[in-house]
Amino acid sequence: MMNDGLACNDSCSGSQQPTEQDFEPVNRLTADLVEILIYLLCLCTGGPLNVISFIRSTRLYRSDQRNRSQILLLRIHLNIADLLTMFIYTPTQIIWMTTFQWYGGDVLCRVCKFFYTFSFYLNSFVIAGIAIDRVCSAYKINSLKAYESAYKRVHRTLIAAYAGATLFSIPQLFIFRVFQPLELTEFRQCTPVWTIYAYEYDLRIQSPSITEREKHLLAATYMQVHRWEKVYNMAHLLLVFWIPTLIIAFSYVVIICKLNSLKRERTARSPQMKALLPPAYRQERSTSYDTAIAPTLPNGDAEPCANGVTETNLSKSQSRVGPIARRTIHKATRNAKRQAALILLAYLTLWSPYNVMAVMNTFATSTEGREMILVTLPFLNALIVVNPVVNPIIYGLSPSRSKTAI
Numbered sequence: 001m002m003n004d005g006l007a008c009n010d011s012c013s014g015s016q017q018p019t020e021q022d023f024e025p026v027n028r029l030t031a032d033l034v035e036i037l038i039y040l041l042c043l044c045t046g047g048p049l050n051v052i053s054f055i056r057s058t059r060l061y062r063s064d065q066r067n068r069s070q071i072l073l074l075r076i077h078l079n080i081a082d083l084l085t086m087f088i089y090t091p092t093q094i095i096w097m098t099t100f101q102w103y104g105g106d107v108l109c110r111v112c113k114f115f116y117t118f119s120f121y122l123n124s125f126v127i128a129g130i131a132i133d134r135v136c137s138a139y140k141i142n143s144l145k146a147y148e149s150a151y152k153r154v155h156r157t158l159i160a161a162y163a164g165a166t167l168f169s170i171p172q173l174f175i176f177r178v179f180q181p182l183e184l185t186e187f188r189q190c191t192p193v194w195t196i197y198a199y200e201y202d203l204r205i206q207s208p209s210i211t212e213r214e215k216h217l218l219a220a221t222y223m224q225v226h227r228w229e230k231v232y233n234m235a236h237l238l239l240v241f242w243i244p245t246l247i248i249a250f251s252y253v254v255i256i257c258k259l260n261s262l263k264r265e266r267t268a269r270s271p272q273m274k275a276l277l278p279p280a281y282r283q284e285r286s287t288s289y290d291t292a293i294a295p296t297l298p299n300g301d302a303e304p305c306a307n308g309v310t311e312t313n314l315s316k317s318q319s320r321v322g323p324i325a326r327r328t329i330h331k332a333t334r335n336a337k338r339q340a341a342l343i344l345l346a347y348l349t350l351w352s353p354y355n356v357m358a359v360m361n362t363f364a365t366s367t368e369g370r371e372m373i374l375v376t377l378p379f380l381n382a383l384i385v386v387n388p389v390v391n392p393i394i395y396g397l398s399p400s401r402s403k404t405a406i
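Reading the sequence shown from the start, the letters are residues 1 to 406 in full-length UniProt numbering.
Listed below in structure tokens is the structure:
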């Protein structure tokens with residue numbers, strides 16, 4: 001019950017009626033050792049990977065204005081969220097699982113809980129921002145000013161992501177506090193208020209001097225606190241995972257529809273254009289059009305589509321760039337889009353199991369089902385921490401000029 005969750009609040013375990021033993025240090029089980037080992041491996045591998053990736057990405061971003069694509073900016077801030085997870089959440093989780101105590105005091109308890117939540121809100125919101133950026137890029141293929149508008153749009157997206165992550169994390173400052181049971185003077189935990197209330201309720205309800213009327217009042221208050229806990233947990237799960245996931249899914253449905261529409265337009269226009277173009281130019285234009293339908297170039301600019309307005313500009317740019325450069329641009333764009341898809345896929349794969357189980361636990365009615373879920377949740381929670389390890393591997397530790405646009 002004291003264990004933290006990245007994708008869910010600590011209290012997702014539900015308000016059970018804890019006894020004194022819930023606050024006592026327990027013997028370390030094999031499952032605890034395995035979980036500690038997972039966190040240690042994530043910290044030892046993900047920490048250096050994210051530090052190296054962040055340094056190189058920021059260096060690239062500052063060194064050459066041509067490399068300042070909107071996706072590189074999004075990637076840097078995703079890196080920041082991963083660094084917060086690696087160096088704030090993971091070490092404190094290892095310390096807690098090793099000692100079963102909270103030694104940091106009340107202020108550090110609240111601050112740590114704030115940044116725990118802030119880091120994975122920011123992670124989810126930036127991931128959703130990447131999906132939104134892909135949609136906007138797909139709809140602005142024909143725009144010659146796509147880079148400038150995309151850069152401004154991403155800045156606004158990041159401001160909204162940081163503001164939302166801060167706003168939704170503020171309740172943690174008031175929900176969590178250090179609690180010390182009266183009968184265990186040397187034992188302290190950083191725990192949510194409803195867990196404390198459930199513990200105190202259990203003590204008071206077992207008191208021999210309590211009347212039946214007081215029992216009914218206590219039970220009514222306890223149920224009200226339990227309902228507020230469920231509301232908070234569901235709101236947290238919706239905001240941190242399910243709403244961003246819906247945004248990602250909707251974005252890629254829109255992208256698929258848009259690209260299918262472009263292909264239909266190309267097919268419908270092809271016979272007419274072939275009749276108007278010289279034979280020697282037809283094959284060159286066909287090759288270049290495949291490059292043009294890609295949402296963005298490596299520097300963030302949109303490639304003009306072959307239509308009545310931009311046909312002249314396209315042919316001029318082709319004569320300057322050449323077929324080898326066009327193939328390089330097309331390959332870089334394709335690789336970058338693959339990176340974006342892999343980042344989103346890793347997020348959904350590593351976050352979904354914990355959040356699905358957390359929702360099931362919130363609505364679980366049987367004690368046996370809840371106990372099984374509570375045994376599984378810590379391992380699924382550790383799986384989420386693997387996500388910051390995977391991200392820098394996906395987009396590479398040495399971002400070159402051809403890899404800065406997704």
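For each residue, glycine too, the CB sits at the ideal point set by N, CA and C. Note that the structure is a prediction, hence the values are computed from the model and not measured.
{"Asked": "Counting Cβ pairs, one atom from each stretch, are 3 or more of them under 8 Å apart for the stretch 130-137 and the stretch 105-118?", "Found": "no"}
{"Asked": "How big is the Cα-Cα spacing for ASN171 and GLN70?", "Found": "Before going on, a small fix: residue 171 reads as Pro here, not Asn. Approximately 31 Å between the Cα atoms of the pair."}
{"Asked": "Distance check for VAL178 and PRO48, CA to CA, integer angstroms please.", "Found": "32 Å"}
{"Asked": "Around the Cβ of ALA220, are there at least 16 other Cβ atoms within 10 angstroms (buried) or fewer (exposed)?", "Found": "exposed"}
{"Asked": "Rounded to whole angstroms, what is the Cα-Cα separation between ALA268 and ASN260?", "Found": "12 Å"}
{"Asked": "When you compare the CB positions of MET357 and LEU383, do they come within less than 8 Å of one another, or not?", "Found": "no"}
{"Asked": "Just verifying my parser: in three-state terms, what is the DSSP assignment at PHE176?", "Found": "strand"}
{"Asked": "Take every Cβ of the stretch 31-45, pair it with every Cβ of the stretch 122-130, and state whether three or more of those distances are shorter than 8 Å.", "Found": "no"}
{"Asked": "Quick one: residues in its chain with C-beta nearer than 8 Å to the C-beta of PHE168, no 5 flanking neighbours on either side, listed in chain order?", "Found": "THR117, TYR121, HIS236, LEU239, VAL240"}
{"Asked": "Answer yes if the stretch 74-85 comes into contact with the stretch 95-103, meaning at least three C-beta pairs across the two stretches below 8 Å, and no otherwise.", "Found": "no"}
{"Asked": "Look at the Cβ atom of THR90, then the Cβ atom of LEU33, and state whether they are nearer than 8 Å.", "Found": "no"}
{"Asked": "Please classify ILE127 as buried or exposed, where buried requires at least 16 other C-beta atoms within 10 Å of its C-beta.", "Found": "buried"}
{"Asked": "Classify GLN189 as helix, strand or coil using the three-state DSSP reduction.", "Found": "strand"}
{"Asked": "Classify SER366: buried if its beta carbon has 16 or more other beta carbons within 10 angstroms, exposed otherwise.", "Found": "exposed"}
{"Asked": "The alpha helix (DSSP H) with PRO392 in it runs from where to where?", "Found": "367-395"}
{"Asked": "Mapping DSSP to helix, strand and coil, what is GLU183?", "Found": "coil"}
{"Asked": "Taking Cβ to Cβ, would you say PHE176 is nearer than 8 Å to PRO192?", "Found": "yes"}
{"Asked": "How big is the Cα-Cα spacing for ALA364 and VAL225?", "Found": "17 Å"}
{"Asked": "Which of the three DSSP states, helix, strand or coil, is assigned to GLN101?", "Found": "coil"}
{"Asked": "Relative to the alpha-carbon of THR362, which residue among ALA340, GLU229, ARG110 has its alpha-carbon at the smallest distance?", "Found": "GLU229"}
{"Asked": "Over the uninterrupted alpha helix (DSSP H) stretch that includes ASP32, give me the two end residues.", "Found": "30-63"}
{"Asked": "Need the endpoints of the alpha helix (DSSP H) that ARG68 sits in, please.", "Found": "Per DSSP, ARG68 belongs to no alpha helix (DSSP H) and is neither H nor E."}
{"Asked": "Among VAL375, GLY396, PRO388, PRO392, which residue has its Cα nearest to the Cα of LEU29?", "Found": "VAL375"}
{"Asked": "Should LEU84 be labelled buried (16 or more other beta-carbon atoms within 10 Å of its own) or exposed?", "Found": "buried"}
{"Asked": "Given a threshold of 16 other Cβ atoms within 10 Å of its Cβ, counted over all protein chains shown, does LYS263 qualify as buried or as exposed?", "Found": "exposed"}
{"Asked": "So, at 7 Å on beta carbons, what are the nonlocal neighbours of ALA165 in its own chain, with the 5 sequence-adjacent residues on each side left out?", "Found": "PHE118, TYR121, LEU122, PHE125"}
{"Asked": "Can residue 435 and ASP133 be called in contact, C-beta distance under 8 Å?", "Found": "Nothing can be reported for residue 435: it is not among the residues displayed for the chain, which extend from 1 to 406."}
{"Asked": "With burial defined as no fewer than 16 other Cβ atoms inside 10 Å of the residue's Cβ, what is the status of GLN206: buried or exposed?", "Found": "exposed"}
{"Asked": "Among TYR395, ASN355, GLY396, ALA249, which residue has its Cα nearest to the Cα of ASN381?", "Found": "ASN355"}
{"Asked": "Look up GLN339 in the DSSP assignment and say whether it is helix, strand or coil.", "Found": "helix"}
{"Asked": "Which same chain residues, not among the five before or five after PHE113, have their C-beta less than 6 Å away from its C-beta?", "Found": "In the sequence under discussion, the amino acid at residue 113 is Lys, which differs from the Phe named in the question. Cβ neighbours of LYS113 beyond the five flanking positions: GLN172, PHE176."}
{"Asked": "Taking the alpha carbon of LEU218 as the point to measure from, which residue in TYR197, PHE115, ARG370, VAL231 has its own alpha carbon closest?", "Found": "TYR197"}
{"Asked": "Can you give me the start and stop residues for the alpha helix (DSSP H) that LEU239 sits inside?", "Found": "Unbroken run through LEU239: none, as it is neither H nor E."}
{"Asked": "With 16 other CB atoms within 10 Å as the buried threshold, where does GLY129 fall?", "Found": "buried"}
{"Asked": "Which residues in the same chain as ILE394 place their Cβ atom closer than 7 Å to its Cβ, once the five residues preceding and following it in sequence are excluded?", "Found": "GLN339, LEU342, ILE343, ALA346"}
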